[in-house]
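Remarks on the structure that follows.
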Amino acid sequence: MSRRCGGAVLERAGVIACMVVMIAITLVSHTSRFAAAQPAASPVELRIAWWGSQDRHNRTIKAIELFQKKHPHIKVSYEFAGWSDYWTKMTTQAAGRNLPDVMQQDYAYIAEWSSRGLLALLDDHVKNGTIDTRSVPEALLKGGVVGGKLVAINLGSNSQCWVIDLDAFKNAGLEPPAPTWTWSDFEKIGASSSGARSIFQRDSGGTAPTARESGTPTTSRSSTISACCCACRRPRR
4 MSRRCGGAVL
14 ERAGVIACMV
24 VMIAITLVSH
34 TSRFAAAQPA
44 ASPVELRIAW
54 WGSQDRHNRT
64 IKAIELFQKK
74 HPHIKVSYEF
84 AGWSDYWTKM
94 TTQAAGRNLP
104 DVMQQDYAYI
114 AEWSSRGLLA
124 LLDDHVKNGT
134 IDTRSVPEAL
144 LKGGVVGGKL
154 VAINLGSNSQ
164 CWVIDLDAFK
174 NAGLEPPAPT
184 WTWSDFEKIG
194 ASSSGARSIF
204 QRDSGGTAPT
214 ARESGTPTTS
224 RSSTISACCC
234 ACRRPRR
């Protein structure tokens, strides 16, 4: 979520927070049987931006259309692009103090953008119930916390897995790994299938992060076992 310079931002804060949760989780509207009659809501306009594939674009647009049906007084305009073009556009808009009201963020940038005051704080909206996070695991919420402050709501989480070429194992005369496979087993299998040297190829999200989490060096002194990860980097401040 972005914090813009106009005075209208504070007035729309509750609606913007509602929009974020709508896309991330799914809002359940209260029916008129359980709510007292309310005055007609004032018209509100929101801008939202994200990156991704055409499939993500289609799904997000459908979510926006559903949101507008539930909240007809809110008009949502949106823009989207591929990864590189998206950040070029957002950086330009940030320089012009014209960021969207709701924007998709990434771990590579969220700390820097928050430190520059470009992202709104959401803690108060969670405390007053505007954003209902009771069904969201604490671990997922932490992904949007920077400096102890909640600045984003997680859209989801990724799961990693191993894809094994059974034919390659068979051709190498090796048994497929069991569910109890360890890193030592991985090293032995790599050595058995590649010869005397155990060299693992560049890795952007598999072995390297896990190795680093356990305190294991990703490159040995002899450089016979190596792994590289470029998915985790510290944003410049």
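Residues in the sequence shown are numbered consecutively from 4, following the working numbering. C-beta: ideal position from N, C-alpha, C; glycine also. Predicted model, so just to flag it, every value in this text is computed and none were measured.
Residue i - DSSP class collapsed to helix/strand/coil
i	result
Ile192	helix
Ser187	helix
Ile64	helix
Ser87	helix
Leu169	helix
Ile51	strand
Ser118	helix
Glu82	strand
Ile156	coil
Val105	strand
Val129	helix
Ile77	strand
Buried/exposed call for residue i, threshold 16 Cβ in 10 Å
i	result
Tyr89	buried
Asn61	exposed
Ala123	buried
His76	exposed
Ile64	exposed
Thr91	exposed
Thr243	Residue 243 is absent from the structure shown; the chain starts at 4 and stops at 240.
Contacting residues, own chain, Cβ-Cβ under 8 angstroms from residue i (five flanking each side not counted)
i	result
Leu153	Leu124, Leu125, Asp126, Val129, Leu144, Gly147
Gln96	Leu102, Pro103
Gln71	Ile77, Lys78, Val79
Beta-carbon proximity of residue i to residue j, cut-off 8 angstroms
i	j	result
Arg59	Pro103	no
Ser117	Gly150	yes
Trp54	Gly99	no
Pro182	Leu169	no
Ile167	Leu177	no
Glu48	Lys78	yes
8 angstroms contact criterion, which residue i and residue j should meet: CB distance rounded
i	j	result
Ala155	Gln108	5 angstroms
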